[in-house]
Amino acid sequence: MITTTHPRRIIVAISGASGAVYGLRLLQLLREMSGVETHLTVSDSGWLNLQHEAGLDRAAVATLAHRLHDVRDVGAAIASGSFQSHAMVIAPCSMRTLAAVAHGLADNLITRAADVMLKERRRLVLMARETPLNLAHLRNMVSVTEMGAIVFPPVPAFYQRPQTVDEIVDHTVARVIDLLDLPNLPQTLAPRWDGLDTAGGD
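Residue numbering for the sequence shown follows my numbering, beginning at 4 and increasing consecutively.
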């Protein structure tokens with residue numbers, strides 16, 4: 004665990020899989036949390052999806068993070084283990100990005116930053132987005148899990164009876180934030196499960 008006085012730095016990466024909304028909502032929620040500093044990097048395909056799925060350009064997305072890093076800038080601060088980041092989330096994580104992380108390719112800033120998280124034994128969460136999964140996908144998921152990453156497919160949970168897509172997204176993203184070990188995490192988006200009320204039942 005890193006114990007420093009600077010804000011908890013969370014790296015958020017948006018790759019080219021469908022589901023750009025997860026990265027956007029994650030940035031929005033982290034922005035509202037005190038003591039958290041976000042660093043964002045987006046792949047070329049990620050920018051295409053942000054425009055196609057959310058209608059947002061680079062300028063609009065950049066306002067959600069404390070700092071935006073170009074995906075080609077492998078000399079950026081987040082590419083070094085000496086940059087004391089707390090955790091990283093790839094939201095969403097394409098199968099191409101998953102494969103690069105699994106094989107240690109570090110061929111752009113997303114995969115290099117992820118490689119840093121693994122070698123420094125820091126929290127790395129991959130919101131892997133694909134279906135159905137072939138054997139290569141599954142093996143890559145096993146590989147990154149063995150390395151210490153957490154594979155977190157954005158699978159909707161229906162036990163809280165969501166009424167909108169926004170509620171589904173919020174619940175998933177709140178569960179991801181729960182994995183980041185951040186203080187003062189609000190529970191309104193993903194209330195704790197308190198068990199089924201079976202009072203009066205047989």
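Note that the Cβ used here is the ideal one computed from N, Cα and C, for glycine as well.
A contact is defined here as three or more CB-CB pairs under 8 Å, and the region 116 to 135 meets this definition with respect to the region 96 to 103. Per DSSP, the beta bridge partners of alanine 131 are Cys96. DSSP, read as helix, strand or coil, puts leucine 71 in strand.
One thing to note: leucine 43 has its Cβ no nearer than 8 Å to the Cβ of arginine 75.
DSSP places methionine 36 in the coil class of the three-state scheme, outside both helix and strand.
In this structure the region 156 to 170 does not touch the region 12 to 20; the number of beta carbon pairs closer than 8 Å is below three. Taking the Cα positions, serine 97 is about 6 Å away from glycine 19. In this structure the region 48 to 59 does not touch the region 78 to 92; the number of beta carbon pairs closer than 8 Å is below three.
For arginine 12, the enclosing beta strand (DSSP E) starts and ends at 11 to 17.
Of His72, Glu149, Arg124, Arg195, the smallest CA-CA separation from histidine 106 is found for Glu149.
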